[in-house]
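Beneath this line is the structure, given in structure tokens, with notes to follow.
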Amino acid sequence: MFNEIDIPCPECGHENSQRVAWVKANDELPCEQCGSAIALEDEKHLLVIEQATANIAKLRRSLAKFRNYSTGATRKRR
Ligand SMILES: [Zn+2]
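In this note's numbering, each number is its position in the sequence shown, counted from 1, plus 521.
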């Protein structure tokens, strides 16, 4: 599975698709369009947030399942 993120260039606005693993391993990315170096420090923070959000999404899904299950059980009791 190749996770990719789009890193918008602050100079020209071009969105550079790059592998998450690459971004984690590098400090700056040369823009595909204008060639200016994009600092990846901010992107790394975003990656952490993105991963946390993905985890929260998973958690929400399992909570939703749990809720459906428990409301179903409550209805059966009445
Ligand atoms: Zn650029």
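We treat Cβ as the ideally placed atom computed from N, Cα and C, and that holds for glycine.
* Asked: For ligand 1, any of its heavy atoms closer than 8 angstroms to the Cβ of S557?
  -> yes
* Rounded Cβ spacing between D548 and S538 (contact assumed at less than 8 angstroms) -> Going by Cβ atoms, the distance from D548 to S538 rounds to 18 angstroms, so no, they are not a contact pair.
* State the start and end residues of the unbroken beta strand (DSSP E) segment that holds D527. => E525 to P529
* **E549 beta carbon near ligand 3 (any heavy atom closer than 8 angstroms)** => This structure lacks ligand 3; the ligands present are ligand 1.
* To do: Please confirm whether any heavy atom of ligand 1 lies closer than 8 angstroms to the CB of Q539.
  => no
* N-terminal and C-terminal residue of the beta strand (DSSP E) that Q539 is part of -> E536 to R540
* **Closest by C-alpha distance to E536, when choosing among K579, C552 and I577** => C552
* How is L550 classed by DSSP in three states: helix, strand or coil? -> strand
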